[in-house]
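I have placed the structure first, in the form of structure tokens, so that the comments after it can refer back to it.
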Amino acid sequence: MGPLALALTAAGLLFVKAPLAAPLPCPLAQEAAAAGSLDEALRAYALCLETAPLDGTQRAEAHLARGALFLQHARIDCALADFDQALWIAPGFAAAYVARGEAYLAKALRPIGDQGDQGCEPRQTPGVAGGGAIRENKAGGVRVGREYFPDRRSAERWLQQQRQIADLQKQLNDLQQELADQDETPAPQGASLLPTSAPLQAPGEVTRGLADFSRALELNPELSAALIGRAKSYCLSGQADAAAADWQSFANQDSSHATQLQTALADAGHLSGAIDGIFGPRSQAALMAFVAARCR
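The opening position of the sequence shown corresponds to residue 48 in this note's numbering, with each subsequent residue numbered one higher.
Here it is, written out as structure tokens:
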């Protein structure tokens, strides 16, 4: 299996480097999204997912990319449905766990009175009828579980496809190590490294986000976007020490991360002086002041 090809930005929160070895799936949708045409991009994604000869990896990537587009436009429930699909297809897809965790945090902070998205597919885990029995009916059609087909050949072809999907899902469990070996770009700049001060509407969503970020870090302990997401989740749930530890780990990864976190702390009013990429005692004191003010 070739390396995953990812290039997406989820609401300014998730940044993943695209390996050069593989093209991105659904290029017309990517182009429309880059041009700012949401409706056109969504139509292109729907057509691509329905008709393009995508393999399992590409299909997971396409759902992740479309979910990121939904999240960028605050269509959180639609984004969650796509991230669920990506993770059903590729259970070891660390970037999809990060994206879904960010969607959970966005849902936790959704304004009061927001009733969610309209016209999204319901969130459900698709089933695989790999061992389904074909039953003929008196009208001449056939049924496999809840699926109906005009003839037996169509049903057998569908069952074969479902078995192939089931086999693919097993193979994709090997994706964990492949994803862990991938590089990723620095995490998002500025204030997005820190949680907003908006009132928390749904604490349970923060708990779900925390679980997803933790799972992503199990798959890839160096995934900086997951460290940032988990730090924000810890902070929003009042676990100040755990939040500070994750932010410190992020800053310790390299000087560019230290610079980004220093910038975020300065923007939040907790760090004065030079932004020098050295996360020493001055920066650590600013971080502790931030968590004391915002994470308790």
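Quick reminder that beta carbons are idealized off the backbone N, C-alpha and C, glycines included.
- In this structure, Phe130 and Gly114 form a Cβ contact; the two beta carbons are roughly 5 Å apart against a cut-off of 8 Å.
- Phe326: not part of any alpha helix (DSSP H); DSSP gives it neither H nor E.
- Classified as buried, Gly256 has 16 or more neighbouring CB atoms from the shown chains inside 10 Å of its CB.
- Measuring C-alpha to C-alpha distances from Phe297 to each of Gln248, Leu241, His120 identifies Leu241 as the nearest.
- By the beta-carbon neighbour count (other beta carbons within 10 angstroms, threshold 16), Ala273 is buried.
- Between Asp288 and Asp301, the alpha-carbon positions lie close to 21 Å from each other.
- One thing to note: Leu247 has its Cβ within 8 Å of the Cβ of Leu156.
- Asn299 sits exposed, since fewer than 16 C-beta atoms from the chains shown fall within 10 Å of its C-beta.
- Look at Gly251 here: in three-state DSSP terms it is helix.
- In the three-state DSSP reduction, Ser261 falls in the helix class (H, G or I).
- Collapsing the DSSP output to three states places Phe140 in coil.
- Residue environment for Asp124: buried (at least 16 other C-beta atoms within 10 angstroms of its C-beta).
- Between the C-alpha atoms of Ile322 and Ala315 there is a straight-line separation of about 14 Å.
- Taking the Cβ atoms as the reference, Leu71 lies roughly 13 Å from Ala88, outside the contact range of under 8 Å.
- Taking C-beta atoms as the reference points, His110 and Gln77 fail to come closer than 8 Å.
- Of the candidates His317, Ser280, Ala80, the residue whose Cα lies closest to the Cα of Leu152 is Ser280.
- Straight through space, the alpha carbons of Ala245 and Phe260 are spaced by roughly 21 Å.
- If you check the CB distance, Gly285 and Glu149 do not come in under 8 Å.
- Within the same chain, and ignoring the five residues on either side of Val338 in sequence, the residues whose Cβ sits closer than 7 Å to its Cβ are Cys282, Ala287, Ala290, Ala291.
- Taking a 10 Å sphere around the C-beta of Asp293, we find 16 or more other C-beta atoms and assign the residue as buried.
- Judged by DSSP secondary structure, Thr98 falls within the alpha helix (DSSP H) whose first and last residues are 85 to 98.
- Around the C-beta of Ser271, 16 or more other C-beta atoms lie within 10 Å, and the residue is accordingly described as buried.
- Between Phe326 and Gln307, the CB-CB gap reaches or exceeds 8 Å.
- For Gln286, the secondary structure class from DSSP, reduced to helix, strand or coil, is coil.
- Annotation for Pro74: the continuous alpha helix (DSSP H) segment containing it runs 74 to 81.
- Note on Thr104: 16 or more other CB atoms within 10 angstroms of its CB, so buried under the neighbour-count rule.
- Per the coordinates, the alpha-carbon of Pro158 lies some 13 Å from the alpha-carbon of Pro250.
- Minimum Cα-Cα distance from Thr243 among the listed residues Cys342, Arg90, Ala143 corresponds to Cys342.
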